[in-house]
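Residue numbers for the sequence shown follow our numbering, so the first one is 1 and each next one is one higher.
Accompanying notes for the structure given below.
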Amino acid sequence: MNITDLTQRPPRSPRLELGGYVILPRMLDKGRGHLAGKAGEYHFACPLDEHFLSFTGLAAEDILHLLKEGKSDGEVLAWIREHAKKSDWDIFYWSEFHLRRGPTDNESREHFNETVQKLAPDRDDIATWFDLLDVDDFVSFGGAA
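Next up, the structure:
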């Protein structure tokens, strides 16, 4: 199994793609970290991962099983393509939506703004959830936002 030690570095950015899917590489890193007992503060099948799972109609347990078998990213993607049956068009627009998605209600906007103020109070370029996750990962591992 490819071990991802998320106590030493963050998972891949949510904006990175595998087979056109954003979120997926990050989810695979968290799954591998979880299986190795090296997930740190990261959680497999978190709400972000659930967006991917809901879109594809796949179960977190199935993805975890593939990772436990030591499947590579490419092998997992092949399995996803076989079972999810999503068109390239659907994948593209789903990924584009998530790349641009920011808080959409007052409660999430308040949480978003509070987190930005805590992590990077001098930054005014953090507008999406992926922006926020990237900054959080960077700061969590010693970077200065």
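Glycine included, each C-beta is placed from N, C-alpha and C at the ideal position.
Model, not experiment: these values are computed from the prediction.
- The count of Cβ pairs closer than 8 Å, one atom from the region 60-75 and one from the region 97-112, stays below three, leaving the stretches out of contact.
- If the five residues before and after tyrosine 42 are omitted, its C-beta is found closer than 7 Å to the C-beta atoms of Leu6, Pro11, Lys30 and Gly33, all from its own chain and listed in chain order.
- Taking all protein chains in view, the Cβ of proline 121 is surrounded by fewer than 16 other Cβ atoms within 10 Å, so the residue is classified as exposed.
- Rounded to the nearest whole angstrom, the C-alpha separation of leucine 58 and glutamine 8 is 29 Å.
- For leucine 18, the secondary structure class from DSSP, reduced to helix, strand or coil, is strand.
- Looking from the CA of phenylalanine 44, the closest CA among His111, Arg26 and Glu107 belongs to Arg26.
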